[in-house]
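S.K.:
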Amino acid sequence: MKFFALSSLLFLTIVKNTNAYWETLINDSLKDYGTFEKYWAYLYPWGSDHNGSARMYGAPDDHNHVYLENNSVVLQACRINWDEGKSTANPHPVIHYHSGAIHSIQTFTINDQYPNYEIRGEFIAPTTGGTWPAFWLNGAWTWPPEIDILEFKGTTTNWFNTFRTSSDVSTYKEAISNPNTWHEYRLWISKVSDVNMDIHFYIDGKWRAKHTANHVGKPFHLIMNLQMEGSASGQAPSGCTLYRGRNIYVGRSNER
Numbered sequence: 001m002k003f004f005a006l007s008s009l010l011f012l013t014i015v016k017n018t019n020a021y022w023e024t025l026i027n028d029s030l031k032d033y034g035t036f037e038k039y040w041a042y043l044y045p046w047g048s049d050h051n052g053s054a055r056m057y058g059a060p061d062d063h064n065h066v067y068l069e070n071n072s073v074v075l076q077a078c079r080i081n082w083d084e085g086k087s088t089a090n091p092h093p094v095i096h097y098h099s100g101a102i103h104s105i106q107t108f109t110i111n112d113q114y115p116n117y118e119i120r121g122e123f124i125a126p127t128t129g130g131t132w133p134a135f136w137l138n139g140a141w142t143w144p145p146e147i148d149i150l151e152f153k154g155t156t157t158n159w160f161n162t163f164r165t166s167s168d169v170s171t172y173k174e175a176i177s178n179p180n181t182w183h184e185y186r187l188w189i190s191k192v193s194d195v196n197m198d199i200h201f202y203i204d205g206k207w208r209a210k211h212t213a214n215h216v217g218k219p220f221h222l223i224m225n226l227q228m229e230g231s232a233s234g235q236a237p238s239g240c241t242l243y244r245g246r247n248i249y250v251g252r253s254n255e256r
């Protein structure tokens, strides 16, 4: 019923403007490196370091920690046994891992021209202690905004988060059955006023939660990364850990 209501809302929104149409921005981007690198860049948008103990590595000539396999992308985090200092990002944890991150080359902005977005992907995310995988939208200019589509913190619980400020946060948490198999995580975002958007979260095609945030007009990058330790509970692994993604899709309504 909720899916029907959202689909009807999109139809009614588009028919109000006869020039409106739906456009696909990212789809089938993981079949080979040439295609992949048209849509995705390696590392975080700001570089290699963030708020965990993994430093990101990856480049067109370095696929040790970001590689393609059977139309999927694999991020690999491996423990290191040498001193690489501390992360350059707050809170500056000691680097214990080399890992992988990718981010969309294009940014995505909800506004009058693009009032509706769909973002989804299928993932096998690690949930063992000390692992911190994520698939999320992050502000291209400032932080926040942030919208977490997938985030595990060393347990089988996924966190849907929307940061309006560092202290004004909406969260929906759900334990995922059989997390070591493929699951789909999905967002539907709609502009509802000059400043606010509604954010609908889905797992495996089922609606789970709605958040509202004042993020209209703010561009986002889409990020997939495998961070380690940091906010993740439990004993971190001594070897290598994999995080897999496939069928990553971004589309939007264009009401030019």
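Residue numbers (full-length UniProt numbering): 1 to 256. Yeah, the Cβ is synthetic: ideal placement off N, Cα and C, and Gly gets one too.
If you measure between the beta carbons of Glu-84 and Glu-184, is that distance less than 8 Å?
M.R.: Mapped onto the sequence shown, residue 84 falls at position 84. Mapped onto the sequence shown, residue 184 falls at position 184. Not closer than 8 Å, so no.
S.K.: Helix, strand or coil, according to DSSP, for Glu-37 in the structure here?
M.R.: For this step, residue 37 is matched to residue 37 along the sequence shown. Note: Glu-37 maps to helix in three-state DSSP.
S.K.: How do the region 23-35 and the region 64-72 stand: do at least 3 beta-carbon pairs fall below 8 Å, yes or no?
M.R.: Verdict: yes, contact present.
S.K.: Go ahead and pull the three-state DSSP assignment for Gly-130.
M.R.: In the sequence shown, the residue the question calls residue 130 occupies position 130. DSSP places Gly-130 in coil when its eight states are reduced to three.
S.K.: Rounded C-beta distance between Gln-225 and Tyr-42? I'm assuming under 8 Å.
M.R.: As a working mapping, residue 225 is identified with position 225 in the sequence shown. As a working mapping, residue 42 is identified with position 42 in the sequence shown. Per the sequence shown, the amino acid found at residue 225 is Asn instead of Gln. About 11 Å separates the two Cβ atoms, so there is no contact after all.
S.K.: Select from Arg-256, Ala-232, Gly-251 the residue whose C-alpha is nearest the C-alpha of Ser-53.
M.R.: Taking the sequence shown and counting its residues from 1, one reaches residue 53 at position 53. Residue Ala-232 is the option with its Cα nearest to Ser-53.
S.K.: With a 10 Å radius around its C-beta and 16 neighbouring C-beta atoms as the bar for buried, classify Ala-205 as buried or exposed.
M.R.: Numbered from 1 along the sequence shown, position 205 holds the residue referred to as residue 205. What sits at residue 205 in the sequence shown is Gly, not Ala. Exposed.
S.K.: Since His-98 and Glu-229 should fall inside the 8 Å C-beta cutoff, what is the C-beta to C-beta distance between them, to a whole number of angstroms?
M.R.: Here residue 98 is taken as the residue at index 98 of the sequence shown, counted from 1. Here residue 229 is taken as the residue at index 229 of the sequence shown, counted from 1. Not quite, the Cβ-Cβ distance comes to about 13 Å (not below 8 Å), so this is no contact.
S.K.: Which residue or residues does DSSP assign as beta-bridge partners of Asn-116?
M.R.: Taking the first residue of the sequence shown as position 1, residue 116 is located at position 116. Per DSSP, Ser-190.
S.K.: State the DSSP-derived secondary structure class of Gly-52, mapped to helix, strand or coil.
M.R.: Indexing the sequence shown from 1 puts residue 52 at position 52. If DSSP states are grouped into helix, strand and coil, Gly-52 belongs with coil.
S.K.: Thr-181 bridges to which residues according to DSSP?
M.R.: Counting from 1 along the sequence shown, the entry for residue 181 is found at position 181. According to DSSP, Thr-181 bridges with nothing at all.
S.K.: Strictly by DSSP, which residues pair up with Asn-138?
M.R.: As a working note, residue 138 is residue 138 in the sequence shown. Answer is Glu-146, His-221, bridged to Asn-138.
S.K.: Let me confirm a value: Gly-58 is counted as buried when at least 16 other C-beta atoms fall within 10 Å, else exposed. Which label applies?
M.R.: Indexing the sequence shown from 1 puts residue 58 at position 58. Buried: at least 16 other Cβ atoms inside 10 Å.
S.K.: What are the start and end residues of the beta strand (DSSP E) that includes Val-250?
M.R.: Taking the first residue of the sequence shown as position 1, residue 250 is located at position 250. That run of the beta strand (DSSP E) goes 240-254.
S.K.: Quickly, what does DSSP pair Thr-212 with across the bridge? List them, please.
M.R.: Position 212 of the sequence shown, counted from the first residue, corresponds to residue 212. Paired residues: Asp-198.
S.K.: What are the boundary residues of the beta strand (DSSP E) that includes Tyr-21?
M.R.: Taking the sequence shown and counting its residues from 1, the one referred to as residue 21 is at position 21. Its beta strand (DSSP E) spans residues 21-26.
S.K.: Are the region 166-180 and the region 240-253 in contact at 8 Å, needing three or more beta carbon pairs?
M.R.: The region 166-180, when compared against the region 240-253, does not touch it at the 8 Å Cβ threshold.
S.K.: With a floor of 3 residues, list each beta strand (DSSP E) that falls wholly inside the region 53-80, ordered by position along the chain.
M.R.: Counting whole runs of 3 or more residues, the region 53-80 contains the beta strand (DSSP E) stretches 54-56, 66-68, 72-79.
S.K.: What is the rounded straight-line gap between the Cα of Tyr-21 and the Cα of Tyr-39?
M.R.: Numbered from 1 along the sequence shown, position 21 holds the residue referred to as residue 21. Numbered from 1 along the sequence shown, position 39 holds the residue referred to as residue 39. Distance between the alpha carbons of Tyr-21 and Tyr-39 is about 21 Å.
S.K.: So, are the CB atoms of Ile-248 and Trp-182 less than 8 Å apart?
M.R.: Residue mapping note: residue 248 aligns to position 248 of the sequence shown, counting from 1. Residue mapping note: residue 182 aligns to position 182 of the sequence shown, counting from 1. In this structure, Trp-182 does not lie closer than 8 Å to Ile-248 by Cβ.
S.K.: Provide the residue span of the beta strand (DSSP E) that contains Trp-159, from first to last.
M.R.: Taking the sequence shown and counting its residues from 1, one reaches residue 159 at position 159. Run containing Trp-159: 157-163, per the beta strand (DSSP E) assignment.
S.K.: Please work out which residues of its chain come closer than 8 Å, Cβ to Cβ, to Leu-12, disregarding the five sequence neighbours upstream and downstream, and give them in chain order.
M.R.: Here residue 12 corresponds to residue number 12 of the sequence shown, with the count starting at 1. In this prediction, Leu-12 scores a pLDDT of 49, lower than 50, which makes its location untrustworthy; no coordinate-derived value is stated.
S.K.: Classify Glu-146: buried if its beta carbon has 16 or more other beta carbons within 10 angstroms, exposed otherwise.
M.R.: Working through the sequence shown from its first residue, we reach residue 146 at position 146. By the neighbour-count rule (16 or more Cβ atoms within 10 Å), Glu-146 is buried.
S.K.: Quick check on DSSP: helix, strand or coil for Glu-122?
M.R.: Here residue 122 refers to the residue found at position 122 of the sequence shown. Reduced to three states, the DSSP call for Glu-122 is strand.
S.K.: Do Ala-101 and Asn-51 have their C-beta atoms closer together than 8 Å?
M.R.: Residue mapping note: residue 101 aligns to position 101 of the sequence shown, counting from 1. Residue mapping note: residue 51 aligns to position 51 of the sequence shown, counting from 1. No.
S.K.: Nearest-angstrom Cα distance between Leu-187 and Thr-165?
M.R.: One-based indexing of the sequence shown puts residue 187 at position 187. One-based indexing of the sequence shown puts residue 165 at position 165. The straight-line gap from Cα to Cα measures roughly 20 Å.
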